[in-house]
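Colleague: This is the structure I want to talk about, given as structure tokens.
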Amino acid sequence: MPEKKIRVLIAKPGLDGHDRGAKIIARALRDAGMEVIYTGLRQTPEMIASAAVQEDVDVIGLSILSGAHNTICPQLMKLLHDKGMSDVTVLVGGIIPEADIPALKQSGIAEIFLPGTSTQDIVDFIHKRVALS
Amino acid sequence: MLALRVVFRTKSTALLPLPGLSHSINLGYVAIRFFESLPGAMRMSEPSKGTTQAAPPTETSSLDRAPSAKEQAWEKNTLRPTLEKSPERQPEFTTLSGHAIRRLYTRADLTNWDPDRDLGFPGEPPYTRGIHSAMHRSRLWTMRQFAGFGTAEDTNQRFRYLLARGQTGLSTAFDLPTLMGYDSDHPLSEGEVGKCGVAISSLADMEVLFDKIPLANVTTSMTINSPAAIIWAMYLAVAEKQGADWKKISGTLQNDILKEYIAQKEYIYPPEPSMRLVIDTFEFGVKNTPKFNTISISGYHIREAGSTAIQELAFTLRDGMEYVEWGMRRGLDVDQFVPQLSFFFNAHNDFFEEIAKYRAARRIWHKAMVERYKSKNPRSWALRFHTQTAGCSLTAQQPYNNVVRTAIQALAAALGGTQSLHTNSLDEAWALPTEFAATIALRTQQIIAHETGVTNTVDPLGGSYFVETLTNEVERGAWEYIARIDAMGGMVAAIERSYPQREIAEASYRYQMAVDKKEKIIVGVNDFVADEKPLDILQIDETVAHRQAARLKKLRADRSQGEIDRRLHALRDAAQGKGNLMPFIYDAVKSYATLGEICDALRDVFGIYEEVAIT
Chain B
0 MPEKKIRVLI
10 AKPGLDGHDR
20 GAKIIARALR
30 DAGMEVIYTG
40 LRQTPEMIAS
50 AAVQEDVDVI
60 GLSILSGAHN
70 TICPQLMKLL
80 HDKGMSDVTV
90 LVGGIIPEAD
100 IPALKQSGIA
110 EIFLPGTSTQ
120 DIVDFIHKRV
130 ALS
Chain Y
0 MLALRVVFRT
10 KSTALLPLPG
20 LSHSINLGYV
30 AIRFFESLPG
40 AMRMSEPSKG
50 TTQAAPPTET
60 SSLDRAPSAK
70 EQAWEKNTLR
80 PTLEKSPERQ
90 PEFTTLSGHA
100 IRRLYTRADL
110 TNWDPDRDLG
120 FPGEPPYTRG
130 IHSAMHRSRL
140 WTMRQFAGFG
150 TAEDTNQRFR
160 YLLARGQTGL
170 STAFDLPTLM
180 GYDSDHPLSE
190 GEVGKCGVAI
200 SSLADMEVLF
210 DKIPLANVTT
220 SMTINSPAAI
230 IWAMYLAVAE
240 KQGADWKKIS
250 GTLQNDILKE
260 YIAQKEYIYP
270 PEPSMRLVID
280 TFEFGVKNTP
290 KFNTISISGY
300 HIREAGSTAI
310 QELAFTLRDG
320 MEYVEWGMRR
330 GLDVDQFVPQ
340 LSFFFNAHND
350 FFEEIAKYRA
360 ARRIWHKAMV
370 ERYKSKNPRS
380 WALRFHTQTA
390 GCSLTAQQPY
400 NNVVRTAIQA
410 LAAALGGTQS
420 LHTNSLDEAW
430 ALPTEFAATI
440 ALRTQQIIAH
450 ETGVTNTVDP
460 LGGSYFVETL
470 TNEVERGAWE
480 YIARIDAMGG
490 MVAAIERSYP
500 QREIAEASYR
510 YQMAVDKKEK
520 IIVGVNDFVA
530 DEKPLDILQI
540 DETVAHRQAA
550 RLKKLRADRS
560 QGEIDRRLHA
570 LRDAAQGKGN
580 LMPFIYDAVK
590 SYATLGEICD
600 ALRDVFGIYE
610 EVAIT
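So the sequence lines, in the order shown, correspond to chains B and Y. Under numbering that gives the first Met the number 0, the letters of the first sequence match residues 0 to 132, in that order. Under numbering that gives the first Met the number 0, the letters of the second sequence match residues 0 to 614, in that order.
Written as structure tokens, this is what we have:
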């Protein structure tokens, strides 16, 4: 029986339209054998949380370059908690000042990937993380 | 009301002949997408098989060259023994965009090249050497640093700081709510107010933004697209209040909606009504503001989204042709409105490729204007452009290295004959620039202009075997793309089938894979890595949003709601007809209707655009 594929939701929250990173990650994770759902642009935390429940994903990847991470991430984490999805691994990629990273991790974000991260590092992180859970 | 969507589910990235967009009419102003079952989401579970589309236009180099006897002798007697002893560092060399580059360029690469026809003289067709006869000897490019953050007060202060340090023009960055046509107090604006640019919700904000800045004397560029007509109306209202003559003021409205669908994705309305608004501004500009650039047709964002240099050039120039064609269909005289069209390109890391791109751009535009559109006015033929160094080339790692990258990119823009230039700041992979970082960026331009000597002569690289060959090849590659888009029925049609979007996504993924495999080296990122201390960066907190919300509350209390309702009603009625909307927008703006209210009035009539997600 084939191994169950890791299911990943790649989401682009907020008003920003810069989707180069989100699209690259979606494709790289798929090429690494994962089942990837890319939401498209302008997703609210509610939309992302609902999609995560419906799609029963193991991982949510958020791409945020706009500086709105301190608003979006805590809202999403609370919604996931309320929906009983606290075990989903939430990753953030984008332009995130280092000073903001501790608070984001405190809110439950598993890892933050900054510009320059190789796609292989993200694939490896997800494999390791999902194997542990 | 639920948006109608074209459901697009595929397990491969093959180019499907599906319409790539859905139009929807929404009733209210919560113009977001609803979904219960992710109808528009892209679902992917099988590995991509590399490029599944038709191959991009050929990017091979000098196929039909016939080397001279002397060159052949050099190859045999000098080169070959050397290579046998010490082979080259890699089997093939390419530009950053993957364009093949030869070891040596000689006369053999330019056998069909006619300097009178292909190079000419500066200020004359085909403008390869530049659009002015003495270029930067007469006048340096405008040093125009893109700036905007926080409230209008914050940005006004930064503008005055930059002008005091020798900047020669202004360039405004608006925040995401403004770009998307939402007021600062809209629920969707939460967390985004003043973050990526300045928050402008009404004429009251615009008055503060340009306080003590005489619009009669300073040219201002505004990076605004879907709500461009509204922001421009606010700018014109401020100019009028200052007593500046509309016939004399100059500046640039970005107003390039096509590249929004292609790359930057800050769109509101579907293409047809969006193009109508753009042509309305062209028509209004011809009559009222003859010195204002009513559009800045932008390759910058296309490149930032991951395109190659040739794609940037081709899609941008084809966008330009699309605007010309829509203007002509409106009944405008080509030689009246085209002189007000300007361009905007990226300056990336590959020095010669960028220079070739600017030179080829001028040649393509001249040819298109004369041959396709039968233009008789040389002012329509000369492609004027702004350049910005490549934001996507900046690294978060070892950020001081970004000063070096930016300097080299800016040098390419100067040598390529730019009319205006923005140089990025070293900290922009982390945040919007601090004053310190923005000053170094401006100083970089000043050093190139005043210390290096590259402005002493026109087109110093003209006649170089390599630069001329690369210019020819980049131009040829762009024309091949343009022909494909023509065959699809033009750029709007190509966008609807996601053609440029897919081409860019492919190029962007190819590039990332090359970086991941270290086939392309980025210093400090995938090689020459080192530990480092974090930078001091600019922080923008939520007090900006609170200040904006308070100001909007006061504005709404102070103005005449009856007048606002009448103006918005008139705009809605006009939008249902075919007339030019600029006068109606201007009236609404002057009565202090907010950006969000005006955009909503148009959303009611035009509906909103949603793209189908592709990866």
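Ideal Cβ positions, reconstructed from N, Cα and C, are used throughout, including at glycine.
Would you say I47(B) reaches chain Y, if we count a Cβ-Cβ gap shorter than 8 Å as a contact?
Modeller: So no, I47(B) is outside the interface.
Colleague: For Q538(Y), I'd like the list of residues in its chain whose CB is within less than 8 Å of its CB, leaving aside the five on either flank, ordered along the chain.
Modeller: A430, listed in sequence order.
Colleague: Taking the beta strand (DSSP E) that A172(Y) belongs to, which residues open and close that run?
Modeller: Its beta strand (DSSP E) spans residues 168 to 172.
Colleague: Alpha carbon to alpha carbon, what distance is there between R29(B) and R500(Y)?
Modeller: Checking the sequence shown, residue 500(Y) turns out to be Gln, not Arg. Looking at the two C-alpha atoms, the distance is approximately 19 Å.
Colleague: Apart from the five residues just before and just after D334(Y), which ones in its own chain have a Cβ nearer than 8 Å to its Cβ?
Modeller: Here the set comprises S374, K375, N376, R378, S379.
Colleague: Quick check on this structure: which residue in C72(B), A31(B), A109(B) has the alpha carbon closest to the alpha carbon of T134(B)?
Modeller: The structure shown does not extend to residue 134(B), since chain B is modelled only from 0 through 132, so no value can be given for it.
Colleague: I'd like to know if T88(B) contacts chain Y, where contact means its C-beta is closer than 8 Å to some C-beta of that chain.
Modeller: Cβ-Cβ to chain Y under 8 Å: no for T88(B).
Colleague: From this set, H135(Y), Y608(Y), Y126(Y), which residue's C-alpha is nearest I494(Y)'s C-alpha?
Modeller: Nearest C-alpha to I494(Y): Y608(Y).
Colleague: Measuring straight from C-alpha to C-alpha, what distance separates I354(Y) and M205(Y)?
Modeller: Near 37 Å, if we compare the C-alpha coordinates of M205(Y) and I354(Y).
Colleague: Looking only at its own chain, which residues have a Cβ that is under 7 Å from the Cβ of S117(B), when we skip the five neighbours before and after it?
Modeller: Excluding sequence neighbours, S117(B) sits near nothing in its chain.
Colleague: Please list, in chain order, all residues of the same chain as F605(Y) whose beta carbon is under 6 Å from its beta carbon, the five residues on each side excluded.
Modeller: These residues qualify, in order along the chain: Y268, P272.
Colleague: Which residue wins for smallest C-alpha separation from G305(Y), given the options L601(Y), K532(Y), N345(Y)?
Modeller: Ranking L601(Y), K532(Y), N345(Y) by Cα distance to G305(Y) puts N345(Y) first.
Colleague: Would E145(B) pass as an interface residue toward chain Y - the criterion being a Cβ-Cβ separation below 8 Å?
Modeller: Nothing about residue 145(B) can be reported from this structure: the residues present for chain B run from 0 to 132 only.
Colleague: Taking the alpha carbon of T394(Y) as the point to measure from, which residue in Q408(Y), E427(Y), H365(Y) has its own alpha carbon closest?
Modeller: Checked all of Q408(Y), E427(Y), H365(Y); the closest Cα to T394(Y) is E427(Y).
Colleague: Which of the residues in the segment 60 to 92 of chain B, read from start to end, lie with their CB under 9 Å from any CB of chain Y?
Modeller: From the segment 60 to 92 of chain B, only L64, S65, G66, A67, H68, N69, T70, I71, Q74 have a Cβ closer than 9 Å to chain Y.
Colleague: Decide if A389(Y) is buried, meaning its Cβ has at least 16 other Cβ atoms within 10 Å, or exposed.
Modeller: A389(Y) is buried by the Cβ-count criterion.
Colleague: Name the one or two DSSP bridge partners that D526(Y) has.
Modeller: Answer is V522(Y), bridged to D526(Y).
Colleague: Alpha carbon to alpha carbon, what distance is there between T150(Y) and V543(Y)?
Modeller: The alpha-carbon atoms of V543(Y) and T150(Y) are separated by roughly 6 Å.
Colleague: What did DSSP end up calling P114(Y) once you bin it into helix, strand or coil?
Modeller: P114(Y): helix per DSSP, three-state reduction.
Colleague: Return the residue from the list G115(B), L131(B), S132(B) that minimises the CA-CA distance to D526(Y).
Modeller: The option with the nearest alpha carbon to D526(Y) is G115(B).
Colleague: So what does V91(B) bridge to, in DSSP terms?
Modeller: V91(B) pairs with L61(B), I111(B).
Colleague: Name the chain B residues whose beta carbon is nearer than 9 Å to that of I536(Y)?
Modeller: What I536(Y) touches in chain B: P96, E97, A98.
Colleague: At 3 residues or longer, what runs of the beta strand (DSSP E) sit wholly inside the segment 360 to 445 of chain Y?
Modeller: Within the segment 360 to 445 of chain Y, the complete beta strand (DSSP E) runs of at least 3 residues are 384 to 388, 419 to 421.
Colleague: Considering just the uninterrupted stretch of the beta strand (DSSP E) at L252(Y), what are its terminal residues?
Modeller: 250 to 252 is the extent of the beta strand (DSSP E) around L252(Y).
Colleague: Determine whether the beta carbon atoms of Q418(Y) and R383(Y) lie at a separation below 8 Å.
Modeller: Yes; because the gap between Cβ atoms is below 8 Å, this pair is in contact.
Colleague: Could you tell me which residues DSSP pairs with V638(Y) in its beta bridges?
Modeller: With chain Y covering only 0 through 614, there is no way to say anything about residue 638(Y).
Colleague: Using the C-alpha atoms, what's the distance from G165(Y) back to E610(Y)?
Modeller: Roughly 42 Å separates the two Cα atoms.
Colleague: Which whole runs of the alpha helix (DSSP H) in the segment 282 to 367 of chain Y are 4 residues long or more, in chain order?
Modeller: Whole alpha helix (DSSP H) segments, 4+ residues: 299 to 303, 308 to 329, 333 to 336, 350 to 366.
Colleague: Smallest Cα separation from E621(Y): which of Q241(Y), A238(Y), W245(Y), P226(Y)?
Modeller: No information on residue 621(Y) is available, as it lies outside the stretch 0 to 614 that chain Y covers here.
Colleague: Under DSSP, the beta strand (DSSP E) around P144(Y) begins and ends at which residues?
Modeller: In the sequence on display, residue 144(Y) carries Gln and not Pro. Unbroken beta strand (DSSP E) run through Q144(Y): 141 to 146.
Colleague: To be precise: take each residue of the segment 518 to 535 of chain Y, compare its Cβ to all Cβ atoms of chain B, and keep it if any distance is under 9 Å. Which residues remain?
Modeller: Listed by position, the residues of the segment 518 to 535 of chain Y near chain B (Cβ gap below 9 Å) are I521, G523, V524, N525, P533, L534.
Colleague: Could you check whether I63(B) and L189(B) sit closer than 8 Å to each other, using their CB atoms as the reference points?
Modeller: In the structure displayed, chain B extends from 0 to 132; residue 189(B) sits before or after that span and is not available.
Colleague: Excluding the 5 residues preceding and the 5 following D586(Y) in the sequence, name in chain order all residues of the same chain whose CB lies nearer than 6 Å to its CB.
Modeller: For D586(Y), where only same-chain residues beyond five positions count, the Cβ hits under 6 Å are R566.
Colleague: So what's Q42(B) in DSSP terms, helix, strand or just coil?
Modeller: Reduced to three states, the DSSP call for Q42(B) is strand.
Colleague: Please determine, among L601(Y), L139(Y), I584(Y), D603(Y), the residue with the shortest C-alpha to C-alpha distance to I229(Y).
Modeller: Residue I584(Y) is the option with its Cα nearest to I229(Y).
Colleague: Do T222(Y) and F145(Y) have their beta-carbon atoms positioned less than 8 Å apart in this structure?
Modeller: Yes.
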